[in-house]
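> Once you've had a glance at the structure underneath, I'll fire off some questions.
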Amino acid sequence: MSNSSSFVNLLASQGCIDLDSSEPPSFSSQGSEESSVRERRRWSPKEDVILVGAWLNTSKDPIVSNEQKAGVFWKRIVEYYNSNPQLVGTPPRELGQCKQRWARINDSVCKFAGCYEMALREQRSGQNDNDVMKAALEIYSSHQGIKFSMEHAWRELRHDVKWCSSFQEKDIAKEKRKPAEPVGVKAAKAGKRKKSGKDEELAKLEGLMEIKKQLSNQSLLEKLLAKPEPLSEMELALKMKLMSDML
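Residue numbers in the sequence shown follow this note's numbering, run continuously in steps of one, and reach 317 at the last position.
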C-alpha cells in the first residue's frame with residue numbers, strides 16, 4: 071500500500087497526465103532544466119558592453135585593483151553588472167558566467183588589436199579608417215579562421231588606458247615566449263618584393279663595377295705590353311698578374 075501511494079505522489083508531482091493519450095509521459099527535473107537554460111543563455115552585444123564597463127570601472131578602483139584578491143575583484147564586477155538598470159527584468163548572471171565571458175571577450179579583442187596594429191603599419195597613402203578596419207578584419211579572419219564578432223567590445227576597450235596597458239603587458243609576455251611575431255600576409259609579400267627589388271639593383275651595380283674593373287685592367291695590360299723593355303720589377307709583376315687574371 072505504501073509503495074502504491076508513493077508512486078501516485080510521484081505522478082502527481084509531474085503534473086496532470088492524460089491516461090488516454092498514446093504519447094508516453096515525460097518525467098524530468100524542473101530544477102535541472104532551469105539550470106541548463108540559464109547556462110545556455112546567449113550573451114547579447116548590450117550585455118557584453120555592460121560587462122566590459124563593469125570590468126573597466128572596477129579595475130580603476132585603486133583599492134580593488136591593488137589590494138584585494140581576484141575573488142573580491144570579480145565579485146564587485148558581478149554586482150556592478152547585475153545592478154545595471156539596462157538589465158532590469160533579465161535573470162542575473164553568476165560570477166563564473168561573467169568571468170568566462172570576459173576571458174573570451176578579452177582574448178578575442180586582444181587578438182584583433184594586434185591585427186589592427188598590423189593593418190595600421192600597412193596603411194597606404196589615401197586609405198582612411200574604414201580601409202584600415204576592413205584590412206584588420208581580413209587579417210583576423212585569415213589568422214583565426216573565423217570572423218571577428220567582438221567589434222562592439224573592441225570599440226569600448228581600444229582607447230581605455232587601463233585595458234591598453236594590460237594588453238601591452240600581455241603582448242610583451244607573449245613576445246618573450248615566442249621567437250618572432252607572425253607577420254601579416256600583405257606585409258610579408260610587400261617585404262619580400264621590396265627585398266627582391268633591392269637585391270636585384272645591388273646585383274646590377276656589382277655587375278657594372280666588375281665590367282668596369284675588367285676594362286680598366288685590360289687597358290692597363292695593353293699599355294704594359296706596348297711599353298718597351300726592360301720593365302721594372304713592379305711593372306713586370308703587375309703584367310704577370312693581369313695576364314693571369316685574364317686567363
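In this text, a Cβ means the ideal position worked out from N, Cα and C, and glycines have one as well.
With a cut-off of 8 Å on the beta carbons, I'd call C168 and L227 a contact; round off their distance for me.
Mapped onto the sequence shown, residue 168 falls at position 98. Mapped onto the sequence shown, residue 227 falls at position 157. At roughly 16 Å, the Cβ-Cβ gap does not stay under 8 Å, so C168 and L227 are not in contact.
> How is T128 classed by DSSP in three states: helix, strand or coil?
As a first step, residue 128 is located in the sequence shown; it is residue number 58 there, counting from the start. The answer is helix: DSSP assigns T128 an H, G or I state.
> Our contact map puts T128 next to R146 with C-beta atoms below 8 Å; I'd like the distance itself, whole angstroms only.
On the sequence shown, position 58 is the one that residue 128 refers to. On the sequence shown, position 76 is the one that residue 146 refers to. Confirmed, Cβ separation roughly 5 Å.
> Hey, quick one: how far does the alpha helix (DSSP H) through I147 stretch, first residue to last?
Reading the sequence shown from its first residue, position 77 is the one you call residue 147. First-last of the alpha helix (DSSP H) with I147: A140 to N152.
> With a 10 Å radius around its C-beta and 16 neighbouring C-beta atoms as the bar for buried, classify S178 as buried or exposed.
Locating residue 178 in the sequence shown gives position 108, where the first residue counts as 1. Per the 10 Å Cβ criterion, buried.
> Which one of R112, A189, C180 and L272 has the shortest CA to CA distance from H229?
The residue labelled residue 229 in the question sits at position 159 within the sequence shown. The candidate whose alpha carbon is nearest that of H229 is C180.
> How many Å lie between A273 and L291 at the Cα?
Position 203 of the sequence shown holds residue 273. Position 221 of the sequence shown holds residue 291. C-alpha separation (whole angstroms): 27 Å.
> Counting C-beta neighbours from all protein chains within 10 Å, is the total for D201 16 or more, i.e. buried, or is it exposed?
Reading the sequence shown from its first residue, position 131 is the one you call residue 201. D201 is exposed by the Cβ-count criterion.
> Would you give the residue range spanned by the alpha helix (DSSP H) that H66 belongs to?
Since the first residue of the chain shown is 71 and the last is 317, residue 66 is not available in this structure.
> With 16 other CB atoms within 10 Å as the buried threshold, where does G184 fall?
For the purposes of this step, residue 184 is identified with residue 114 of the sequence shown, where counting begins at 1. Per the 10 Å Cβ criterion, buried.
> Which value, in whole angstroms, describes the spacing of the CA atoms of L157 and K116?
Taking the sequence shown and counting its residues from 1, one reaches residue 157 at position 87. Taking the sequence shown and counting its residues from 1, one reaches residue 116 at position 46. Taking the straight line from one Cα to the other gives about 9 Å.
> For S106, name the three-state secondary structure that DSSP assigns.
One-based indexing of the sequence shown puts residue 106 at position 36. Its pLDDT being 47, under 50, S106 is placed unreliably in this model, and the value from its coordinates should be taken loosely. Helix, per DSSP.
> Between the Cα of Y151 and those of A206, R174, L126 and A140, spot the shortest distance and give me the residue it belongs to.
One-based indexing of the sequence shown puts residue 151 at position 81. Y151 has its Cα closest to that of L126, out of A206, R174, L126 and A140.
> Comparing C-alpha positions only, which one of R111, W113, Y186 and A223 sits nearest to I209?
The residue given as residue 209 occupies position 139 in the sequence shown. Comparing Cα-Cα distances from I209 to each of R111, W113, Y186 and A223, the minimum goes to Y186.
> Output needed for D118: all residues of its chain with C-beta closer than 8 Å, excluding positions within five of it in sequence on either side, in chain order.
Mapped onto the sequence shown, residue 118 falls at position 48. Here the set comprises R171, I175, M220, H222 and A223.
> Determine the burial state of R163: buried for a count of at least 16 other Cβ atoms within 10 Å of its Cβ, exposed for fewer.
As a working note, residue 163 is residue 93 in the sequence shown. Classification for R163: buried.
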